[in-house]
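Protein chains in written order, with our numbering: chain U, 10 to 221; chain R, 100 to 470.
Each remark here refers to the structure printed beneath this line.
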Amino acid sequence: MDFRFRVLSTAVFALCFTLFLVAPPTAVADSFTISVNTSAIAGASAQLAFDLINGGSASNTVTISDFSTDGTLGAVSPTGEISGTLPGTVTLMDSPASFFNEYLTGLTLGTTISFVLDATTNGPAASSSPDALSVFLLDPNTGLPLFPTSDPTLSDSLFTLNIDGTSAGNLGVYTSIVSATPTSGTPVPEPPTGTLLGGGLAFVIWKFSRRH
Amino acid sequence: MKRMCLRTLELLMAGFCLLITSLATPPNCAAQTFVDMSSQVTITKSGLVLNRATNTFNSLVTIKNSSSTVLNAPLVLVISNLTPTTVTLANPSGQDPSGNPFVNLNVPTGGLSPGQSISNVLLQFQNPARVAFSFTTQVEFRSGASISPDGSSIVFKTPGGATVLTILLLNQEVVISTPQGNVTNVTHQLANISDDASHVGVYTNAFQFVPAGADTELEGQSTSTFAYYGASGQLWQITADPGNAFYLSTDSSMRLLTSDGSRILMISAQEGDINPSFTVYDQNANVIYQSAGTFSELDRAQISPNGMYLLVMGLVYKQNAIQGLITVTNITNNVSSSFPFSVGIGAVPVISISSDGRFLIAYQGNQVTLP
Numbered sequence: 010m011d012f013r014f015r016v017l018s019t020a021v022f023a024l025c026f027t028l029f030l031v032a033p034p035t036a037v038a039d040s041f042t043i044s045v046n047t048s049a050i051a052g053a054s055a056q057l058a059f060d061l062i063n064g065g066s067a068s069n070t071v072t073i074s075d076f077s078t079d080g081t082l083g084a085v086s087p088t089g090e091i092s093g094t095l096p097g098t099v100t101l102m103d104s105p106a107s108f109f110n111e112y113l114t115g116l117t118l119g120t121t122i123s124f125v126l127d128a129t130t131n132g133p134a135a136s137s138s139p140d141a142l143s144v145f146l147l148d149p150n151t152g153l154p155l156f157p158t159s160d161p162t163l164s165d166s167l168f169t170l171n172i173d174g175t176s177a178g179n180l181g182v183y184t185s186i187v188s189a190t191p192t193s194g195t196p197v198p199e200p201p202t203g204t205l206l207g208g209g210l211a212f213v214i215w216k217f218s219r220r221h
Numbered sequence: 100m101k102r103m104c105l106r107t108l109e110l111l112m113a114g115f116c117l118l119i120t121s122l123a124t125p126p127n128c129a130a131q132t133f134v135d136m137s138s139q140v141t142i143t144k145s146g147l148v149l150n151r152a153t154n155t156f157n158s159l160v161t162i163k164n165s166s167s168t169v170l171n172a173p174l175v176l177v178i179s180n181l182t183p184t185t186v187t188l189a190n191p192s193g194q195d196p197s198g199n200p201f202v203n204l205n206v207p208t209g210g211l212s213p214g215q216s217i218s219n220v221l222l223q224f225q226n227p228a229r230v231a232f233s234f235t236t237q238v239e240f241r242s243g244a245s246i247s248p249d250g251s252s253i254v255f256k257t258p259g260g261a262t263v264l265t266i267l268l269l270n271q272e273v274v275i276s277t278p279q280g281n282v283t284n285v286t287h288q289l290a291n292i293s294d295d296a297s298h299v300g301v302y303t304n305a306f307q308f309v310p311a312g313a314d315t316e317l318e319g320q321s322t323s324t325f326a327y328y329g330a331s332g333q334l335w336q337i338t339a340d341p342g343n344a345f346y347l348s349t350d351s352s353m354r355l356l357t358s359d360g361s362r363i364l365m366i367s368a369q370e371g372d373i374n375p376s377f378t379v380y381d382q383n384a385n386v387i388y389q390s391a392g393t394f395s396e397l398d399r400a401q402i403s404p405n406g407m408y409l410l411v412m413g414l415v416y417k418q419n420a421i422q423g424l425i426t427v428t429n430i431t432n433n434v435s436s437s438f439p440f441s442v443g444i445g446a447v448p449v450i451s452i453s454s455d456g457r458f459l460i461a462y463q464g465n466q467v468t469l470p
């Protein structure tokens, strides 16, 4: 009995470990290096807004890291599921219970703003809208965008990332002062669900078989 | 000859009046026919972006023709199942019969070809509570009639989007040949369109003139048809016996269709509008009402907007006298009210009935309350 259990558990372990090794990374993260040239409006008071809006059943996480500016950051006003503070890493999350998630920070503009943007890639369910991250430069007095852009939603965002379930997402840049470059040329891999499950199951079986 | 010229003039005036009336009263979208075309398109929605100027959450929709056929205008994007109800569409072009808002789609000239897309269709949602919301979209064809860009005709389309009928208000001018001249075939074609533009009644009278020898009388034989079109195309058609022409309104105040086009009044009369008879049909060519024999000569006739009443104004020939008469008949129970009047006092030949059938405006603007 003990021998048969060991043979069986070893076979299952081998199968799970193989699955862990060979399973392709099907889930990846959108990742872009964003650079905003604000030299033309340097010295102006502004607000920098990151809006993550829930489009449906899918939940996503957006991380802003490596933030850098020669301007001066001001007061922060977060809304929704936000963690962290710039220039450190800031994370925005959405969920059915958290529709509008915004990281809003005051900013005296310098000549440049740059940061790395990472987003998970959970696409919308059928007939739902995708989650979207849109970024704005706002007038702190009016709360309206500092200048018009070619944003086709007529919202004057600098750029918008539609998290449509594809590996790169759908990034639209609506002003010439913004440049967006995919980070390292390749998306940041995330372990796929099957790989994680396979690895975890293999570990449990390995521990269980050692106990026997 | 003289009568023919007068009829021609009447037709021209009727066409002009009908055109003006059609242009002045845009179709009521609430009663138009909307046909779901979603199986022939792929709809993609963008994420939501907050427009801080309008305080709306904006989304862009792309519609791609995934079928193998051209999709013709007019197409609309209907927004339905918008929940919760505190969220509303801020930029609707109208509402469909179910009360769902829609926005008009800018279909390219010539239609949306297979594989072709309509991009950046903007949806603006008011969401003051900033709560998660959902909605569904479908592309629908708004069937019915529309005025051609040059205003010369009414174009009627099927749900498939194809133009099945272009109705010229006056298809062809009457050309009178000389008594010794060639045979002239004349076709009159006039349309009567329902208020909601969902139905069209078309009268066609083909008249073949026959040279009549040395005299100056024009003689000929007419063939009349009356075709009835609904949103799906032609519903039915009746052809008159030769020599017993259908009468067609030559006055834009003569209503042959109910507001929603579900009933149509047909008038048959002998040449000279003598001995008219009246028949009301439904969409399936069922006879709802029929009458004849009251009037000697027809002046005006009309079905009420709600289809419940028949108005007729005309003359009754009596021994040594002619009497004017207006009758209002309840089509449901065939009970009539009569309003006789004296002819020859320069009355203005206009009749009209209110939508609910309770008020009649007749000669000289007198208002008569119906029983």
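Even glycine gets a Cβ: it sits at the ideal position worked out from N, Cα and C.
Residues in the same chain with beta-carbon distance under 7 Å from Tyr416 (chain R), minus the five sequence neighbours each way, listed in chain order, please. Ser395
Separation of Leu170 (chain U) from Asn69 (chain U), as counted between CA atoms: 12 Å
May I have the straight-line CA-CA distance separating Ser86 (chain U) from Thr114 (chain U), to the nearest angstrom? 6 Å
In the DSSP assignment, find the beta strand (DSSP E) that holds Gln56 (chain U) and state where it starts and stops. Ser54 to Ile62
Measure the CB-CB distance between Gly152 (chain U) and Arg151 (chain R) and report whether it falls below 7 Å. yes
Cβ of Leu82 (chain U) within 7 Å of any chain R Cβ: no
Determine the contact status of Thr158 (chain U) and Thr184 (chain U), defining contact as a CB-CB distance below 7 Å. yes
Leaving out five residues before and five after Ser137 (chain R) in sequence, what residues of the same chain have Cβ atoms less than 6 Å from its Cβ? Gln237 and Val238
Under the three-state reduction of DSSP, which class applies to Gln139 (chain R): helix, strand or coil? helix
Collapsed DSSP secondary structure at Ala49 (chain U) in the structure displayed: helix
Determine the direct distance from the alpha carbon of Thr143 (chain R) to that of Asp135 (chain R), and round the result to whole angstroms. 17 Å
Name the chain U residues that come within less than 7 Å of Lys144 (chain R), Cβ to Cβ? Ser138
Can you grab the Cα-Cα spacing for the pair Thr162 (chain U) / Asn179 (chain U), in whole Å? 14 Å
Can you name the residues of chain R whose CB is closer than 7 Å to the CB of Phe108 (chain U)? Arg229, Val230 and Ala231
Is the CB of Leu204 (chain R) under 7 Å away from at least one CB in chain U? no
Residues in the same chain with beta-carbon distance under 8 Å from Asp173 (chain U), minus the five sequence neighbours each way, listed in chain order, please. Gly132, Pro133, Pro139 and Asn179
Please work out which residues of its chain come closer than 6 Å, Cβ to Cβ, to Ser218 (chain R), disregarding the five sequence neighbours upstream and downstream, and give them in chain order. Thr161
Using the beta-carbon count (16 or more within 10 Å), is Ser143 (chain U) buried or exposed? buried
List the residues of chain R whose Cβ lies closer than 7 Å to the Cβ of Pro161 (chain U), in chain order. Leu159 and Asn219
Which chain R residues sit within Cβ distance under 7 Å of Thr1 (chain U)? Only positions 10 to 221 of chain U appear in the structure, and residue 1 (chain U) is not among them; the question remains open.
What are the residues of the segment 174-195 of chain R that lie near chain U, defined by any Cβ-Cβ distance shorter than 8 Å? none
Beta-carbon separation of Val148 (chain R) and Ser137 (chain U) under 7 Å? no
Cβ-based neighbour list, Ser361 (chain R), same chain, cut-off 7 Å, excluding 5 preceding and 5 following: Asp381, Gln382 and Gly406
Taking 7 Å as the threshold (C-beta atoms), are Val45 (chain U) and Val182 (chain U) in contact? no
What does the Cβ neighbour count give for Ile122 (chain U), buried or exposed, with the cut at 16 atoms within 10 Å? buried
Could you check whether the segment 171-188 of chain R touches the segment 197-212 of chain R, counting it as contact only if at least three pairs of C-beta atoms, one from each stretch, sit closer than 8 Å? yes
Can you tell which of R:Phe234, R:Ile387 and R:Leu364 has the C-alpha that lies nearest to the C-alpha of Ala290 (chain R)? R:Leu364
Kindly indicate which three-state DSSP category Thr94 (chain U) falls into: helix, strand or coil? coil
Quick check: the Cα distance between Ile387 (chain R) and Leu221 (chain R), rounded to an integer number of angstroms? 47 Å
Thr141 (chain R) touches chain U at which residues, Cβ-Cβ below 7 Å? Ordered by position in chain U, no residue passes the 7 Å Cβ test against Thr141 (chain R), which lies about 12 Å from the chain.
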